[in-house]
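Colleague: In the working numbering, the protein residues as written are 417 to 754. Note that the Cβ used here is the ideal one computed from N, Cα and C, for glycine as well. I'd like to ask you about the structure that follows.
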Ligand SMILES: NC(=O)c1ccc[n+]([C@@H]2O[C@H](COP(=O)([O-])OP(=O)(O)OC[C@H]3O[C@@H](n4cnc5c(N)ncnc54)[C@H](OP(=O)(O)O)[C@@H]3O)[C@@H](O)[C@H]2O)c1
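Put into structure tokens, the structure is as follows:
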């Protein structure tokens, strides 16, 4: 299966290094020239929770040739329609594009590439590009899980092949209820990535700080309520039933969910959200595709999502350079924290 990782930055470099190290040929493609040159000259250096270097095949988009049977999509979602249109001629007729982006990206990509050529994969681990050619794995190596699936079934054989490929890195679940897996990931991203981006910190720091943890917990609740109203059955993540652990109605369950958050975040404590990484680089981030999607879905469902809406608003201000990420932003949530 001729394979490419399109958008090999933080996550894509780690994925490409693991696949290549396991003997699976794949092209790591990025528009970032300095990064591609470093990968070509020195290989992919993966640091953080592991430390290894592996020679990889890296190229710029303009150097792509022929068609691929499998393309993992790992660009940010800011211009997905444009990227999908560009990739249309590089994806084999019976090929599969597997988006590993956060949010709910599959429908838009399927509009360009066709439903049967688009699958999705929710990733349960994180990475940060430290410098050209060097990516940091920010989750524990035993927590590198994948939830793979399609909105509409029909490519089971190809999904099986993708699953065995990703299996060299960690456990892969092929989800029958893929939309449920997507929502479980959205739940974590909207709450932890959103809060950590506003406060300028890691997942672990959100879990440790009492107020930050409560902000994340309130967004979790808004996401559960929205999903439930829309008929979503949240899928377990890494064997953990998120609804049982974190959804609540009364005070006792609320307290229990609050106490469990630091334990649940232990293996991902150093994870710095890619939205925050983008802001630190002066780039626009994916807030509209993560917290923005939750606000939109909340409206559609008739569920108020005020804490999440505030995150969207604050990240907008930060992007517009009217505010900075930082702990003082907790103040804006004061009315929700009683
Ligand atoms: N990082 C994480 O921990 C994490 C965890 C789970 C899911 N995700 C999701 O995974 C996706 C990728 O995240 P990431 O953090 O790996 O992003 P990233 O570090 O920004 O990597 C994206 C790479 O794609 C390149 N790129 C962007 N647009 C391109 C285009 N049109 N053509 C060719 N190359 C292009 C970027 O180049 P430039 O540097 O020039 O922009 C960069 O090298 C996002 O949807 C994110 O939400 C990330």
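Tell me whether the beta-carbon of residue 506 lies closer than 7 Å to the beta-carbon of residue 483.
Modeller: Counting from one through the chain shown, the residue named residue 506 turns up at place 90. Counting from one through the chain shown, the residue named residue 483 turns up at place 67. Yes, they are a contact pair.
Colleague: Buried or exposed, going by whether 16 or more other CB atoms sit within 10 Å of the CB of residue 486?
Modeller: On the chain shown, residue 486 is found 70 positions in, with the first residue counted as 1. Buried, since its Cβ has 16 or more Cβ neighbours within 10 Å.
Colleague: CB of residue 499 to nearest heavy atom of ligand 1: below 6 Å?
Modeller: Residue 499 sits at position 83 when you count from the first residue of the chain shown. Flag set: Cβ of residue 499 near ligand 1.
Colleague: With residue 519 and residue 493 assumed to form a contact (beta carbons below 8 Å), what rounded beta-carbon distance in angstroms separates them?
Modeller: Taking the chain shown and counting its residues from 1, the one referred to as residue 519 is at position 103. Taking the chain shown and counting its residues from 1, the one referred to as residue 493 is at position 77. Indeed, because the Cβ distance is near 6 Å, the residues count as touching under 8 Å.
Colleague: According to DSSP, which residues form a beta bridge with residue 537?
Modeller: Taking the first residue of the chain shown as 1, we reach residue 537 at position 121. DSSP lists 564 as partners of residue 537.
Colleague: Hey, could you find the ends of the beta strand (DSSP E) residue 650 is sitting in?
Modeller: Start at 1 with the first residue of the chain shown, and residue 650 comes out as number 234. Per DSSP, residue 650 belongs to no beta strand (DSSP E) and is neither H nor E.
Colleague: Let me check you understand the geometry: is the CB of residue 695 closer than 6 Å to at least one non-hydrogen atom of ligand 1?
Modeller: In the chain shown, the residue the question calls residue 695 occupies position 279. Outside the cutoff, so no.
Colleague: Could you say which of 434, 491 and 499 lies nearest to residue 472 if we only look at CA atoms?
Modeller: One-based indexing of the chain shown puts residue 472 at position 56. Cα-wise, what sits closest to residue 472 is 434.
Colleague: With DSSP as the reference, identify every bridge partner of residue 488, one or two as the case may be.
Modeller: Sequence index remark: in the chain shown, residue 488 carries index 72 (1-based). Partner(s): 421 and 514.
Colleague: Run the CB neighbour count on residue 447, radius 10 Å, all protein chains shown included, and call it buried at 16 or more, exposed below.
Modeller: In the chain shown, counting from the first residue as 1, residue 447 sits at position 31. Looking at its Cβ environment, which holds fewer than 16 other Cβ atoms inside 10 Å, residue 447 is exposed.
Colleague: Is the region 592-611 touching the region 548-560, taking contact as three or more C-beta pairs under 8 Å?
Modeller: Contact between the region 592-611 and the region 548-560 is absent, because fewer than three Cβ pairs lie under 8 Å.
Colleague: When you compare each of 454, 573 and 530 to residue 509 by their alpha carbons, which one comes out closest?
Modeller: What you label residue 509 is simply residue 93 of the chain shown in a count that begins at 1. Of the candidates 454, 573 and 530, the one whose C-alpha sits nearest the C-alpha of residue 509 is 530.
Colleague: Does ligand 1 have even one heavy atom less than 6 Å from the beta-carbon of residue 477?
Modeller: Start at 1 with the first residue of the chain shown, and residue 477 comes out as number 61. The answer is yes for residue 477.
Colleague: Going by the beta-carbon positions, is the gap between residue 513 and residue 499 smaller than 7 Å?
Modeller: If you number the chain shown from 1, residue 513 lands on position 97. If you number the chain shown from 1, residue 499 lands on position 83. No; because the gap between Cβ atoms is not below 7 Å, this pair is not in contact.
Colleague: Might you give, ordered along the chain, the residues of its own chain that have their beta carbon closer than 8 Å to the beta carbon of residue 596, omitting 5 neighbours on each side?
Modeller: Indexing the chain shown from 1 puts residue 596 at position 180. Closer than 8 Å at the Cβ level, and outside the excluded window around residue 596, lie 648, 649, 650 and 651.
Colleague: Could you check if residue 481 belongs to the surroundings of ligand 1, using beta carbon to heavy atom distance under 6 Å?
Modeller: Position 65 of the chain shown holds residue 481. Incorrect: residue 481 has no Cβ contact closer than 6 Å to ligand 1.
Colleague: Applying the 10 Å Cβ sphere with the 16-neighbour rule, what's the burial state of residue 517?
Modeller: Mapped onto the chain shown, residue 517 falls at position 101. Residue 517 comes out buried.
Colleague: Tell me whether residue 475 sits in a helix, a strand or coil according to DSSP, three-state version.
Modeller: Residue 475 sits at position 59 when you count from the first residue of the chain shown. Strand at residue 475.
Colleague: Can you find the residues in the same chain that come closer than 7 Å, C-beta to C-beta, to residue 636, ignoring five residues on each side of it along the sequence?
Modeller: Counting from 1 along the chain shown, the entry for residue 636 is found at position 220. Cβ within range, chain order: 603, 607 and 662.
Colleague: Is residue 598 near ligand 1, with its Cβ less than 6 Å from a heavy atom?
Modeller: As a position in the chain shown, residue 598 is number 182, starting the count at 1. No.
Colleague: Taking C-beta to C-beta, are residue 462 and residue 444 nearer than 7 Å?
Modeller: Translated into the one-based positions of the chain shown, residue 462 becomes position 46. Translated into the one-based positions of the chain shown, residue 444 becomes position 28. Contact: no.
Colleague: Could you check whether the Cβ of residue 543 sits closer than 6 Å to any heavy atom belonging to ligand 1?
Modeller: For the purposes of this step, residue 543 is taken as the residue at position 127 of the chain shown. Yes, ligand 1 has a heavy atom inside 6 Å of this Cβ.
Colleague: Which stretch, first to last residue, makes up the beta strand (DSSP E) that contains residue 428?
Modeller: Along the chain shown, one-based indexing puts residue 428 at 12. That residue, residue 428, is in no beta strand (DSSP E); its alpha helix (DSSP H) goes 426-437.
Colleague: For residue 528, tell me which candidate among 548, 541, 495 and 424 has the shortest Cα-Cα distance.
Modeller: Taking the first residue of the chain shown as position 1, residue 528 is located at position 112. Residue 495 is the option with its Cα nearest to residue 528.
Colleague: Apply the 10 Å Cβ neighbour rule to residue 547 and answer buried if 16 or more other Cβ atoms are within range, or exposed otherwise.
Modeller: In the chain shown, the residue the question calls residue 547 occupies position 131. When all chains shown are included, residue 547 counts as exposed.
Colleague: Is the Cβ-Cβ distance between residue 673 and residue 618 less than 7 Å?
Modeller: In the chain shown, residue 673 corresponds to position 257, counting from 1. In the chain shown, residue 618 corresponds to position 202, counting from 1. Going by C-beta atoms, residue 673 is not nearer than 7 Å to residue 618.
Colleague: Is residue 425 near ligand 1, in the sense that its beta carbon is under 6 Å from a heavy atom of that ligand?
Modeller: To locate residue 425, count along the chain shown from 1; it is residue 9. Answer for residue 425: yes, Cβ within range of ligand 1.
Colleague: Determine, using beta carbons only, whether residue 545 and residue 708 come nearer to each other than 7 Å.
Modeller: The sequence position of residue 545 within the chain shown is 129, counting from 1. The sequence position of residue 708 within the chain shown is 292, counting from 1. Going by C-beta atoms, residue 545 is not nearer than 7 Å to residue 708.
Colleague: In chain order, what residues of the same chain lie with their CB nearer than 7 Å to the CB of residue 692, ignoring the 5 residues before and after it?
Modeller: Reading the chain shown from its first residue, position 276 is the one you call residue 692. Here the set comprises 612, 613, 616 and 741.
Colleague: For residue 570, collect the residues of the same chain with a Cβ closer than 6 Å to its Cβ; drop the 5 residues on either side in sequence, then sort them by chain order.
Modeller: As a first step, residue 570 is located in the chain shown; it is residue number 154 there, counting from the start. So the qualifying residues of the chain are 532.
Colleague: When DSSP builds the beta bridges, which residues end up paired with residue 507?
Modeller: Numbered from 1 along the chain shown, position 91 holds the residue referred to as residue 507. According to DSSP, which records beta bridges pairwise, residue 507 is partnered with 484.
Colleague: Tell me which residue opens and which closes the alpha helix (DSSP H) that residue 528 is part of.
Modeller: Taking the first residue of the chain shown as position 1, residue 528 is located at position 112. From DSSP, the alpha helix (DSSP H) with residue 528 extends over 522-529.
Colleague: Buried or exposed for residue 724, please, with buried defined as at least 16 other CB atoms from any protein chain shown within 10 angstroms of its CB.
Modeller: What you label residue 724 is simply residue 308 of the chain shown in a count that begins at 1. The residue is buried, with at least 16 neighbouring Cβ atoms inside 10 Å.
Colleague: Does the separation of the CB atoms of residue 641 and residue 719 fall below 7 Å?
Modeller: Reading the chain shown from its first residue, position 225 is the one you call residue 641. Reading the chain shown from its first residue, position 303 is the one you call residue 719. Taking 7 Å as the Cβ cut-off, residue 641 and residue 719 qualify as a contacting pair.
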